[in-house]
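Worksheet: one structure, shown below.
Protein chains: 2
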Amino acid sequence: MAEDHAFTTRVTCTAPVNIAVVKYWGKRDEQLILPINSSLSVTLHQDQLKTITTAAISRDFTEDRLWLNGKEEDIGHPRLQSCLREKGDLSEVARMGSGSACRSMFGGFVQWVMGEDADGKDSIAQQHRAQAVVPERMAQMIRHIQQRDFEAFGELTMKESNQFHATCLDTFPPIFYLNDISKQVVALVHRFNAHCGKTKVAYTFDAGPNAVLFMLEETVGEFVEVVKRSFPPKNNGDQFLKGLLVEAATPSEELLSAVVRDPSPGAIRYLLLTKPGPGPTLVENADSHLLGADGLLRSKSS
Amino acid sequence: MAEDHAFTTRVTCTAPVNIAVVKYWGKRDEQLILPINSSLSVTLHQDQLKTITTAAISRDFTEDRLWLNGKEEDIGHPRLQSCLREKGDLSEVARMGSGSACRSMFGGFVQWVMGEDADGKDSIAQQHRAQAVVPERMAQMIRHIQQRDFEAFGELTMKESNQFHATCLDTFPPIFYLNDISKQVVALVHRFNAHCGKTKVAYTFDAGPNAVLFMLEETVGEFVEVVKRSFPPKNNGDQFLKGLLVEAATPSEELLSAVVRDPSPGAIRYLLLTKPGPGPTLVENADSHLLGADGLLRSKSS
């Protein structure tokens with residue numbers, strides 16, 4: 001059967017997730033997806049979390065088709081079409097799909113520069129943030145990263161997350177991404193830092209209730225234990241920690257009694273431990289292609 | 001025994017609750033409790049919700065004493081002391097206890113004018129709100145009230161509530177007053193208004209998760225039914241509606257299927273129906289005094 005498709009070319013690559021520490025909120029151009037403020041993110045390591053994409057092209061194919069998570073999708077969606085039409089560099093293509101996706105085209109800390117100045121067409125709160133707050137925060141964040149100043153990085157990251165969610169709440173109708181568990185995580189981080197007398201853990205939340213926590217390697221073991229006591233794993237205790245291995249730590253009773261309050265069993269499903277990582281990666285192993293030489297989705301077993 | 005206290009004078013008065021529709025957030029003077037922005041509230045009717053206070057003075061008394069909710073409190077608290085020392089008008093005294101309490105000294109719609117200009121000593125978000133947003137909103141709100149334009153009043157009330165909570169979230173560490181149930185109420189109000197094609201109900205939240213909903217009398221019966229379907233009363237069905245009587249209404253199935261989603265049984269304990277009302281009122285009935293002629297708290301049965 002492979003002979004029938006001798007001219008099929010397949011390329012498979014993996015791509016990472018990125019987490020913004022200076023957040024993107026508000027477009028100045030809906031078509032081009034240009035932001036009203038610059039943003040800055042950390043690309044997470046693909047050993048723990050990645051997408052896998054295979055593209056196949058062939059003279060024999062008679063139409064464009066697309067599968068997402070194993071399910072065929074309508075190829076006509078405007079966002080998808082604008083990706084397919086785009087001929088610029090890859091980060092421009094990614095941006096057409098989802099603005100902040102363009103930051104995932106690079107590893108480590110990534111800046112998305114807003115480009116030309118924004119017009120005053122958005123909400124007052126968005127404009128105020130874009131014009132009066134973010135430019136200064138971008139400069140601060142870059143300085144903190146360059147100086148490897150985790151405390152300053154962490155505090156600014158938390159302030160940015162809070163202001164992003166405040167801005168969402170100040171749109172009309174309001175948008176809420178944080179839920180009661182998110183708020184418990186925020187309070188726990190603040191109690192932990194207050195007890196330690198410095199910012200050892202920083203939270204950030206994107207467009208959803210899940211917390212992303214930044215900390216230095218030396219803090220991980222202790223904080224994981226604090227999370228386990230605050231959100232005792234339900235049933236799946238052995239599935240609670242995923243990703244990188246953690247060195248077990250035994251927090252002092254003093255720390256635990258200061259920061260652990262009203263445990264919420266089962267409120268957090270799992271922790272995924274990871275670190276910064278590289279941008280998209282080409283997969284050389286032919287067995288990894290998700291599409292067969294016929295251009296169709298391979299079944300899991302093949 | 002009453003003869004022993006012939007010179008005791010007792011005064012009892014009731015006072016209302018007020019709900020801000022343009023919110024107070026941020027002080028420019030911590031001692032005097034002067035706000036960084038003007039605010040505007042509705043005084044609620046005391047037939048449904050009120051405080052009762054009795055003051056007794058006598059030459060025979062040897063010390064100041066205070067009971068709050070039937071329990072003796074330390075008279076030395078700084079806020080309380082500044083109320084006792086204050087000799088100005090009553091709204092100034094009230095302000096010393098809790099800033100926004102000064103608005104409860106009057107009935108109906110009440111404006112608390114900020115006075116002289118604020119210094120730039122608060123957070124950027126607070127300053128921005130106080131200087132760029134609130135002055136315009138105060139003028140709009142007053143106009144909407146004068147023109148009896150409920151739709152415009154309601155929309156601005158909701159935007160104000162959201163911006164107030166956004167500002168709280170943008171302080172550091174962040175303050176959250178809304179919980180997941182508050183958010184469900186917000187979403188329900190927006191679905192209801194969207195279905196009706198106009199703002200018939202408006203929410204506002206103060207420093208807590210409880211919703212205050214404004215609506216015209218004609219909307220009450222229908223919306224109460226929508227709330228009952230969305231948050232089915234648990235156990236205490238007959239205690240769910242308190243305060244003013246509601247004329248029963250039967251919302252259309254179309255409305256119910258459009259706005260009622262994933263009912264949360266028991267999530268709301270009760271609805272208290274009320275209306276705007278007058279300011280503090282002197283109680284003439286001598287039996288209403290909470291203190292006896294001896295200056296001590298009367299037991300409930302006496």
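So the sequence lines, in the order shown, correspond to chains A and B. Just so you know, the first sequence maps onto residues 1 to 302 in the UniProt record's numbering. Just so you know, the second sequence maps onto residues 1 to 302 in the UniProt record's numbering. Cβ coordinates follow ideal geometry from the N, Cα and C atoms, glycine included.
Could you check whether the Cβ of A:Lys159 sits closer than 8 Å to any Cβ belonging to chain B?
yes
CA-to-CA distance, A:Arg59 to A:Ile52, given in whole angstroms:
24 Å
Does the segment 98-105 of chain A come within contact of the segment 30-44 of chain A, defined as at least 3 CB pairs closer than 8 Å?
yes
Among residues of its own chain, excluding the 5 on either side of A:Ser230, which ones have a beta-carbon nearer than 8 Å to its beta-carbon?
Gln184, Leu188, Val259, Val260, Arg261, Pro263 and Ser264
If the cut is a Cβ gap below 7 Å, which residues of chain B does A:Leu169 touch?
Asn162, His165, Ala166 and Leu169
Going straight from the alpha carbon of A:Leu271 to that of A:Cys196, what length do you get?
22 Å
Check distances from the C-beta atoms of the segment 193-211 of chain B to those of chain A and list, in chain order, the residues that come in under 7 Å.
none
Measuring only between beta-carbons, confirm whether A:His144 sits less than 8 Å from chain B.
no
Within 10 angstroms of the Cβ of B:Glu73, are there 16 or more other Cβ atoms? Answer buried if so, exposed if not.
exposed
Can you check the UniProt domain "Mvd1 C-terminal" (126-282) of chain A for any alpha helix (DSSP H) of at least 4 residues that lies completely inside it and give the ranges in chain order?
134-146, 150-169, 180-196, 217-230 and 253-259
Alpha carbon to alpha carbon, how far is A:His77 from A:Tyr24? Give it in angstroms, no decimals.
23 Å
Are there 16 or more other CB atoms within 10 angstroms of the CB of B:Pro35, so buried, or fewer, so exposed?
buried
A:Thr12 versus A:Arg85 - alpha carbon distance
20 Å
Tell whether a beta-carbon distance below 8 Å holds between A:Ser257 and A:Val134.
no
Tell whether a beta-carbon distance below 8 Å holds between A:Gln48 and A:Thr274.
yes
Contiguous beta strand (DSSP E) assignments of at least 3 residues, all confined to the segment 49-79 of chain B
51-57, 66-68 and 71-73
Identify the residues that DSSP records as bridge partners of A:Ala15: which are they?
A:Thr51
Which two residues bound the contiguous alpha helix (DSSP H) that contains B:Leu90?
Leu90 to Gly97
Does any residue of chain A bring its CB to less than 8 Å from the CB of B:Lys121?
In this predicted model, B:Lys121 has a pLDDT of only 42, less than 50, meaning its place in the structure is not dependable enough to derive any value.
Among all the DSSP beta bridges, which residues are the ones paired with B:Ser39?
B:Trp112
Paired residues, beta bridge with B:Lys27 - DSSP
B:Pro35
At least one CB of chain B closer than 8 Å to the CB of A:Val259: is that the case?
no
Output the distance between the C-alpha atoms of B:Glu155 and B:Ala139, rounded to the nearest integer angstrom.
15 Å
Please list, in chain order, the chain B residues whose beta carbon lies closer than 8 Å to that of A:Asp180.
Asn179 and Asp180
If you draw a straight line from the alpha carbon of A:Gly292 to that of A:Arg298, how long is it in whole angstroms?
6 Å
CA-to-CA distance, A:Lys159 to A:Lys228, given in whole angstroms:
25 Å
Count the other CB atoms within 10 Å of the CB of A:Thr9; is the residue buried (16 or more) or exposed (fewer)?
exposed
To the nearest angstrom, how far is it from the Cα of A:Gln127 to the Cα of B:Thr14?
46 Å
Please report the straight-line C-alpha distance between B:Trp67 and B:Asn179, rounded to a whole angstrom.
32 Å
Please confirm whether A:Lys228 has its beta-carbon closer than 8 Å to some beta-carbon of chain B.
no
Shorter than 8 Å from the beta carbon of A:Phe240 to some beta carbon of chain B?
no
Name the chain A residues that come within less than 7 Å of B:Lys183, Cβ to Cβ?
Phe176
What whole-angstrom Cβ distance do B:Phe214 and B:Thr157 have, given they're in contact under 8 Å?
6 Å
Distance between A:Ala152 and B:Asn210 (C-alpha atoms, nearest Å)
36 Å
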